[in-house]
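Enquirer: Take this structure first; my questions come after.
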Amino acid sequence: MGTKRISFKTNFILTTVFVIGVGFLLLAASHSVGDYWVRIITLMAIYSIMAISYTLVNGVTGIFSLGHAGFIAVGAYTAALLTLPIQQKTMSFFIAPLIWPLNSIQMGFFPATIIAGLVAAFAAFLVGYPSLRVTGDYFAIATLAFAEIIRIVIQNSYSITNGSLGLKGIPPYTNIWWAWGWLLVTIIVIGSLKFSSYGRALRAMSEDTVAAGAMGINVFKHQLMSFVVSGFFAGIGGALYAHWLTTIDPRPTSLGIMLTFFVLIMIVIGGLGSISGAVLGAIFFAFAAQWLRIVESPMNFFGITIPGIPGMSMLIFATVFILIMLFWRRGIMGKDELSWQYIYDHFAKKAGDQD
Amino acid sequence: MIKINNKKDERKDVLRLENLTIKFGGLTAVDSFNGYLKEGELIGLIGPNGAGKTTIFNMITGIYAPTYGTVTFNGIDITGMKPYVITHLGIARTFQNIRLFSDMTVLENVLVAEHSWLQNYKARKILHKHEPEKFPRPHWKPWFWSAVLKTPDYLKMERHMKDYAYELLKAVDLDKFAHLKASALPYGPQRKLEIARALATRPYLLLLDEPAAGMNPQETQELAEFVQDVRKKFSVTILLIEHDMKFVMKICERIYVLDYGKIIAHGVPEEIQNNKRVIEAYLGDESYV
Amino acid sequence: MSHLAQNLINGTLLGGLYALIAIGYTMVYGILRLINFAHGDILMWGVYFALYMVIALSMPWWLGFIVGIVLAGLLGFSVEKVAYRPLRNAPRISALITAIGISFFLESLAVVVFGGIPKSFNIYPKFFNKIVIFNHLRIQMLTFFILGVTFVLLFGVLWLLYRTKTGTAMRAIATDIPTTSLMGANVDNIISLTFIIGSMLAATSGIMWAMRYPQVQPYMGFVPGLKAFIAAVIGGIGSVPGAVVGGFILGMTEILVVGFFPNLAGYRDVFAYVILIVLLMFRPTGIFTVYSEQKV
């Protein structure tokens, strides 16, 4: 009972059917739920991409980075600078003119996203190469410092990023299809990586770097590789995010440490190290953030108006986050994946319990 | 049994340790250790707790860099190389306090060790430089991309890895637990799995750090047979650290005895058994003798 | 010349503030091997406590400050008890994540309770704003006050750690928890005490920080907290005298670099981070401590 293994063929067919099903659901949603919720559904996919790329490093590889927002910011700025209409650029950059060649480039969304990913991956390489020489919480602090450096540099480079004024009027290219399409790519690539020989090596390293080294794994190289892949998709996520927001700036609360916190909450809820957990956590976060807006706006109870409490939603998130860390450290999925095998085993066990 | 001093041993050196010394702060943990292993030998390294046995393993496998001295493996000076390169060159080890990847399945534990097949480019380059006619110039392959894109090349490799892993697990009688988490195994099989995992890196030389620790006499007896079996089946040279004197005396061809970081005796088991200094070093703890 | 002297004074001042915060970091890290991310936020709460004691309960400023500092100590005590103690034997990463969560929680709670808008911290007597002139050097009375308090506290802490029995127990626990508990010290109490002292020092530093840049807001603890952590790393994390020296080195560097290269002012925070990264790369144990081997 319960030990039957689902064949590759069955898995493939079920997954294809599932993906097509999700596609139809999205199509139906984009016609029925209204613009506002379509935007939220799009955001869910963007968050998912950020969360999956984060969990690859923090969960699967087991190195704790706090620099994720830095790579998202690099991706966001790169893509935005590439797609902004030239006219808009000359208008926005009034403190210092934008440098060549950025001031004369305007390209499509897809190439801009790819370049954003590559630039973020390169940034991840530059950050990871020195940072990975230290371990544990030192690594966390080093990456946090790098992310802050990235943010401060963005804030001060007026002729490249428009400094603290930020970028405005970014074309709203990110729609439900771009976001969910890229999410599919992210899941396929990082999933394929996790379930390959390389993924096994990463998981082994997350448990014991010394033993992994003794088994012939070049720990530094593999950690760096995972960090760079994560940076690439963080950059993609950033590019999508920028074209979803249409306005970006380098405040700590927008593309700074706060964003890293949010993505951390998502992957802690979903279970550190699980791709499907990251998606579930991201969807939950995007949804809950909307739902919690109620607490922050005035409410009417039987004629008595209770004023909204600003900041309440963040407080609730923080509380949930701590409670999860204290009492439910596994999160929704733990390190497991929501595969057909997982579902089958789950139900087989339930059926077994009833017998 | 072979007497050491009788005549020159014609077999080639697998491992040669010369003046191996390591200091931590002011403390000399291992002091001028000299030793060798011939091809196919099964050698014991014994000594009281804290004598520096595991430290010698850590120097051989590159976890510590020795303060002085050299480690030569198959004629290559491997002193100060990174652990993973040393593993690729053909030294595998187990740990005193079992260090399996406990969240992963038994099969995955073995597969992790086989991952080195994909990425031992650096080691093969060293081998090529050392013996060009025996080891052809290695060609770097983009295995990472193949693994992500699941190319036929990679899938073939993965299948090959799995087959060999099952073969290994069968050899240590663990194949029926392949999909169990490693932490779910009882203690004895965990030790065996650790040996299987080490064998999966395809070593010439196997270092076993207290394989019989925590086992009862019967299990120890089985382990002794198992180790000899492994040596024959996989034609590896074995160096093992052990506390259990009976175990060592039974299976080892030669024994090095270490105390306070220095060799106090070296010889065939009978010689060691009657060596005065060894008895002194172990005095007060009769269970060993 | 007077430019340099002015900068040296400012550097000492900033360094002292960092040093007071860094002590809490370094003591907690020394004992629990935990980066107490919430340290900067406890500082912020201490400042708010003091502010509200004075504004809402109309205490005299000095009493308000003392009560605020004591309350911050209590907050540090409760954070350890509620959040860190249950995770003492959990993987270190879990404790770190929890610490981040606590930090986030304290910030959000402050936003909810006090509002997100910066509040003015003009509750100290006007006397502190008076400026004394020593041949061309313009020094605020506040500077003397801050320097005085800082040095008294720094020497107090060092005295406590090196000259009292409690201090010896604290230092002993930092090297080896199991052995120390065998020697009869109550580990839990000493850890609690460490959190209380660390939090009170941070709150004191925070209040003086708020007096100097007279405002307070819920995220004010983040940057000083991070900088103080860097100071602790410079001095070799775990070492209290090291943290003090690290604090002064960091404060002085920041002030001098900005003082002599004013057009780099926007990058002021970057220096600290670069120092941190370079240090972690080449001497992760700080500039004072000796390297210790980890047993494999």
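Chains as they are written, first to last, in the numbering used here: chain A, 1 to 355; chain B, 356 to 644; chain C, 645 to 940.
Just so you know, even glycine gets a beta-carbon here, dropped at the ideal spot from N, CA and C.
Small disclaimer: the values here were computed from a predicted structure and weren't measured.
Along the beta strand (DSSP E) that carries Ser387 (chain B), what are the first and last residues, could you check?
Expert: Here the beta strand (DSSP E) through Ser387 (chain B) covers Leu382 to Lys393.
Enquirer: Using only the alpha-carbon positions, how far apart do Ala696 (chain C) and Ile775 (chain C) sit?
Expert: The question names Ala, but residue 696 (chain C) in the sequence shown is Tyr. Spanning the two alpha carbons is a distance of roughly 28 Å.
Enquirer: So the beta strand (DSSP E) Phe379 (chain B) belongs to, where does it begin and stop?
Expert: Unbroken beta strand (DSSP E) run through Phe379 (chain B): Asp368 to Phe379.
Enquirer: Helix, strand or coil for Met299 (chain A)? Go by DSSP, reduced to three states.
Expert: It is a strand residue.
Enquirer: Taking contact to mean at least 3 C-beta pairs separated by less than 8 Å, is the segment 118–131 of chain A in contact with the segment 220–236 of chain A?
Expert: As far as the Cβ criterion goes, the segment 118–131 of chain A touches the segment 220–236 of chain A, which means the pair count is three or higher.
Enquirer: Indicate the three-state DSSP secondary structure (helix, strand or coil) for Ile269 (chain A) in the structure shown.
Expert: Here Ile269 (chain A) sits in helix by DSSP.
Enquirer: Quick check on the burial criterion: 16 or more other C-beta atoms within 10 angstroms. Buried or exposed for Glu365 (chain B)?
Expert: Per the 10 Å Cβ criterion, exposed.
Enquirer: Buried or exposed for Pro438 (chain B), please, with buried defined as at least 16 other CB atoms from any protein chain shown within 10 angstroms of its CB.
Expert: Buried.
Enquirer: Looking only at C-alpha atoms, which of A:Gly59, A:Ser339 and A:Leu167 sits nearest to Gly271 (chain A)?
Expert: Gly271 (chain A) has its Cα closest to that of A:Gly59, out of A:Gly59, A:Ser339 and A:Leu167.
Enquirer: Taking Tyr476 (chain B) as part of the alpha helix (DSSP H), name the residues at either end of that continuous run.
Expert: Segment Tyr476 to His485, the alpha helix (DSSP H) holding Tyr476 (chain B).
Enquirer: Would you decide whether Asn475 (chain B) is buried or exposed? Buried here means 16 or more other CB atoms lie within 10 Å of its CB.
Expert: Buried: at least 16 other Cβ atoms inside 10 Å.
Enquirer: Output the distance between the C-alpha atoms of Val268 (chain A) and Asn830 (chain C), rounded to the nearest integer angstrom.
Expert: Using only the alpha carbons, I get a separation of about 34 Å.
Enquirer: Hey, quick one: how far does the beta strand (DSSP E) through Tyr423 (chain B) stretch, first residue to last?
Expert: Run containing Tyr423 (chain B): Tyr423 to Phe428, per the beta strand (DSSP E) assignment.
Enquirer: Could you give the C-beta distance for Thr787 (chain C) and Leu661 (chain C), rounded to a whole number, given that I count them as a contact under 8 Å?
Expert: The pair is not a contact, with the Cβ atoms about 12 Å apart (cut-off 8 Å).
Enquirer: Tell me where the alpha helix (DSSP H) around Leu715 (chain C) begins and ends.
Expert: Unbroken alpha helix (DSSP H) run through Leu715 (chain C): Trp705 to Val723.
Enquirer: Could you pull out every residue in the same chain whose Cβ sits closer than 6 Å to the Cβ of Ser48 (chain A), ignoring the five residues on either side in sequence?
Expert: Only Leu183, Val279 and Ala282 meet the Cβ criterion.
Enquirer: So is Leu102 (chain A) in contact with chain C if we call contact Cβ pairs under 8 Å?
Expert: No, its Cβ sits nowhere closer than 8 Å to a Cβ of chain C.
Enquirer: Suppose only complete runs of 3+ residues qualify. What are the beta strand (DSSP E) ranges in the segment 604–635 of chain B, listed by chain order?
Expert: List check, beta strand (DSSP E) in window: 609–614 and 617–622.
Enquirer: Please confirm whether Ala502 (chain B) has its beta-carbon closer than 8 Å to some beta-carbon of chain A.
Expert: Yes, because at least one Cβ of chain A sits closer than 8 Å to the Cβ of Ala502 (chain B).
Enquirer: Quick one: give me the first and last residue of the beta strand (DSSP E) that Gln784 (chain C) is part of.
Expert: Unbroken beta strand (DSSP E) run through Gln784 (chain C): Leu781 to Gln784.
Enquirer: Compute the distance between the beta-carbons of Tyr559 (chain B) and Val369 (chain B), then report whether it is under 8 Å.
Expert: Contact: yes.
Enquirer: Which residues does DSSP list as the beta-bridge partners of Val860 (chain C)?
Expert: C:Lys763, per the DSSP bridge assignment.
Enquirer: List, in chain order, every chain A residue whose beta-carbon is nearer than 8 Å to that of Ile596 (chain B).
Expert: Within chain A, no residue comes near Ile596 (chain B); the closest Cβ sits about 15 Å away, beyond 8 Å.
Enquirer: Does Asp208 (chain A) get closer than 8 Å to chain C when you measure Cβ to Cβ?
Expert: Output row for Asp208 (chain A): interface = no.
Enquirer: Starting from the beta carbon of Arg927 (chain C), find every residue of chain A whose beta carbon is closer than 9 Å, and list them in chain order.
Expert: Under the 9 Å cutoff, chain A gives no residues; its nearest Cβ is about 11 Å from Arg927 (chain C).
Enquirer: So is Gly800 (chain C) buried or exposed if we call it buried at 16+ other beta carbons inside 10 Å?
Expert: When all chains shown are included, Gly800 (chain C) counts as exposed.
Enquirer: Applying a beta-carbon distance threshold of less than 9 Å, which residues of chain A neighbour Lys496 (chain B)?
Expert: In chain order: nothing, as chain A lies at least about 13 Å away.
Enquirer: If you follow the beta strand (DSSP E) that Gly690 (chain B) is in, where does it begin and where does it stop?
Expert: This structure cannot settle anything about residue 690 (chain B), because the visible part of chain B is limited to 356 through 644.
Enquirer: What number of angstroms, rounded off, separates the C-alpha of Val22 (chain A) from the C-alpha of Ser131 (chain A)?
Expert: Between Val22 (chain A) and Ser131 (chain A), the C-alpha separation is close to 39 Å.
Enquirer: DSSP state of Leu529 (chain B), grouped into three classes?
Expert: Correct three-state label for Leu529 (chain B): coil.
Enquirer: According to DSSP, is Leu132 (chain A) helix, strand or coil?
Expert: Coil at Leu132 (chain A), not helix or strand.
Enquirer: Where does Gly405 (chain B) land, buried or exposed, given buried means 16+ other C-beta within 10 angstroms?
Expert: Classification for Gly405 (chain B): exposed.
Enquirer: Measure from the C-beta of Gln474 (chain B) to each C-beta in chain A and report whether the shortest distance is under 8 Å.
Expert: Answer yes: the Cβ-Cβ gap between Gln474 (chain B) and chain A drops below 8 Å somewhere.
Enquirer: If we count the other Cβ atoms within 10 Å of its Cβ and call it buried at 16 or more, is Thr823 (chain C) buried or exposed?
Expert: Under this definition Thr823 (chain C) is an exposed residue.
Enquirer: Mind checking who Gly399 (chain B) pairs with in its DSSP beta bridge?
Expert: Note: Gly399 (chain B) sits in a beta bridge opposite B:Leu595 and B:Ile610.
Enquirer: If the cut-off is 7 Å on Cβ atoms, which residues from the segment 176–201 of chain A count as contacting chain B, listed in chain order?
Expert: Against chain B - using a Cβ distance shorter than 7 Å - the residues of the segment 176–201 of chain A are Val189, Ser192, Leu193, Ser196, Ser197, Tyr198, Arg200 and Ala201.
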